[in-house]
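Student:
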Amino acid sequence: MATLFCECQSRKEAFTEARGARRGVKKVMVIVTDGESHDNHRLSKVIQDCEDESIQRFSIASFKRQFLMYLLTTLCRRVWLWLGEYFESSTLPKNALDCFCVSVTSFKMGTGSLKKAVWSNGMWPGVLSERPLLICYTVNSATIPGDVLYIAGQPRYNHTGQVIIYRMEGRDIRILQTLNGEQIGSYFGSVLTTIDIDKDSNTDILLVGAPMFMGREKEEQGKVYVYALNQIDTLLKKFCKLYPSAIAAVKDLNLDGFNDIVIGAPLEDDHGGAVYIYHGSGKTIREEYAQRIPSGGDGETLKFFGQSIHGEMDLNGDGLTDVTIGGLGGAALFWSRDVAVVKVTMNFEPNKVNIQKKNCRVEGKETVCINATVCFNVKLKSKENMVYEA
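If you're matching positions, the sequence shown starts at 1 in UniProt numbering and goes up one per residue.
#1: Using 10 angstroms around the beta-carbon of E7, count the other beta-carbons present and answer buried if the total reaches 16, otherwise exposed.
#2: Are S336 and T324 close, meaning C-beta to C-beta below 8 Å?
#3: Can you give the Cα-Cα distance for G170 and S308, rounded to whole angstroms?
#4: Spatial neighbours of C360 within its chain, please: C-beta separation below 7 Å, excluding the five flanking residues on both sides.
#5: Following the continuous alpha helix (DSSP H) through T3, name the residue where it begins and the one where it ends.
#6: May I have the straight-line CA-CA distance separating Y289 from F348, to the nearest angstrom?
#7: List in chain order: all unbroken beta strand (DSSP E) runs of 3+ residues lying wholly within the UniProt repeat "FG-GAP" (291-351).
#8: Can you give me the C-alpha to C-alpha distance between D172 and D147, rounded to a whole angstrom?
#9: What's the C-alpha gap between S201 and V139?
#10: By how many angstroms is the C-alpha of Y187 removed from the C-alpha of L114?
#11: According to the neighbour-count rule (16 or more other Cβ atoms, all chains shown, within 10 Å of its Cβ), is F304 buried or exposed?
#12: Run the CB neighbour count on N354, radius 10 Å, all protein chains shown included, and call it buried at 16 or more, exposed below.
#13: With distances taken Cα to Cα, identify the nearest neighbour of D196 among A246, I165, I285 and Q183.
#14: For my contact list, T193 and A249 are in at a C-beta cut-off of 8 Å; report their separation, rounded to the angstrom.
#15: Which residue wins for smallest C-alpha separation from K352, given the options T345, A340, R156 and A372?
#16: In terms of alpha-carbon separation, which member of K26, V341, D256 and D49 lies closest to A282?
#17: Measuring only the C-alpha atoms, how far is F5 from I60?
#18: Excluding the five sequence neighbours on either side, which residues of its own chain have a C-beta within less than 6 Å of the C-beta of H310, listed in chain order?
#19: Does DSSP put N158 in a helix, in a strand, or in coil?
#20: According to the Cβ coordinates, are G222 and A265 closer than 8 Å?
#21: Considering only DSSP beta bridges, list what N202 is partnered with.
#22: To the nearest angstrom, how far is it from the Cα of T91 to the Cα of Y157?
#23: To which residues does DSSP link I165 through a beta bridge?
#24: Cutting at 8 Å between CB atoms, please list the residues of its own chain near R65, excluding the five before and the five after it.
#25: If you compare alpha carbons, which of D260, T178 and V339 is closest to T203?
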């Protein structure tokens with residue numbers, strides 16, 4: 001058995017940033033072996049290379065093949081639960097059929113299900129060719145001219161996470177593209193949403209959250225990825241220092257004609273939580289947030305503020321979209337403020353001033369006087385037919 005060769009290859013390939021590893025973290029390697037090795041000539045170099053890269057090694061050795069197979073089988077079962085890989089066995093706990101999320105469109109309904117691909121679920125009856133696609137954590141949809149795309153997030157896939165974009169062709173699934181996370185344990189794909197920014201009935205961008213993304217200082221800061229839907233592999237922006245446990249598309253909050261995005265960061269401020277509002281512009285969103293809303297209060301009554309967000313309805317009848325933000329211990333309802341457009345006009349009498357002609361007296365001194373009229377015209381965007389003048 002080429003144990004040392006395998007150890008060498010693992011050192012070269014497993015601990016790379018391309019596979020999601022982070023810089024400056026501790027590296028651990030567990031070697032399961034039968035105790036026999038036929039490449040002992042590699043021993044000194046392999047040990048030295050691991051020492052140079054500060055890789056801690058642990059070995060599990062057994063001469064009994066049955067015990068090794070037991071370890072391998074146990075590992076494979078756990079890997080299946082973690083990564084959603086497909087195995088031929090059809091025995092799973094009953095609760096594996098439970099759905100985690102639902103996406104509803106005018107055409108079809110997709111459900112995220114932790115279940116075996118050989119079973120039938122609520123999305124599509126029968127056995128499907130792309131089996132791993134059914135193992136998903138989040139599901140959403142996107143509208144393009146003449147078609148609907150479906151988007152599924154698999155945050156534990158290959159430990160770095162993955163998002164799959166696909167379409168339905170009859171009873172079959174056609175995978176169009178996959179987006180891969182860039183860091184182990186970042187939970188890339190656990191949060192995703194699509195939004196039509198310019199209100200033309202077609203989806204413009206896809207936002208994918210990686211709430212556990214670690215920064216270079218080894219702190220959890222999270223990251224939000226923004227992709228243009230017409231060219232999915234084009235990464236428009238990355239928003240760092242967020243814990244995006246919720247990303248919600250909301251109707252036009254500032255009444256500029258573009259829909260907006262609200263991102264919940266419930267782990268900020270020592271788990272008090274905060275919410276960020278990003279305004280839409282053109283076919284994307286602006287890089288700088290327009291408003292940050294902290295949890296407020298005593299920090300104990302409501303924790304994890306921003307864990308859930310909804311902003312699609314006018315709840316108080318003022319014509320503005322209102323936003324509801326949930327957390328552990330309660331929810332907060334925010335009324336949107338109207339936006340006023342103010343125009344100022346000024347008239348002068350006379351409209352020309354002759355500084356040589358003194359036409360009035362102020363405090364006993366002759367000087368030049370003019371009459372100025374200032375008019376303020378105020379129009380509320382939510383009530384275009386109402387104009388206030390002063």
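Idealized CB from N, CA, C, for every residue including glycine.
Tutor: Looking at the coordinates:
#1: buried
#2: no
#3: 34 Å
#4: T367 and C369
#5: T3 to A14
#6: 41 Å
#7: 291-294, 303-313, 322-328, 330-334 and 340-349
#8: 15 Å
#9: 20 Å
#10: With a pLDDT of only 38 at L114, under the threshold of 50, the placement of this residue in the model should not be trusted, and no figure is reported.
#11: buried
#12: exposed
#13: I285
#14: 5 Å
#15: A372
#16: Here residue 282 is Gly; the residue named in the question, Ala, does not match the sequence. Out of K26, V341, D256 and D49, D256 has the C-alpha closest to the C-alpha of G282.
#17: 17 Å
#18: T324
#19: helix
#20: yes
#21: N202 pairs with nothing; no bridge assigned.
#22: Summary for T91: the model assigns pLDDT 40, below 50, so the residue's position carries little reliability, and this model does not support an answer.
#23: I151 and Q177
#24: D34
#25: D260
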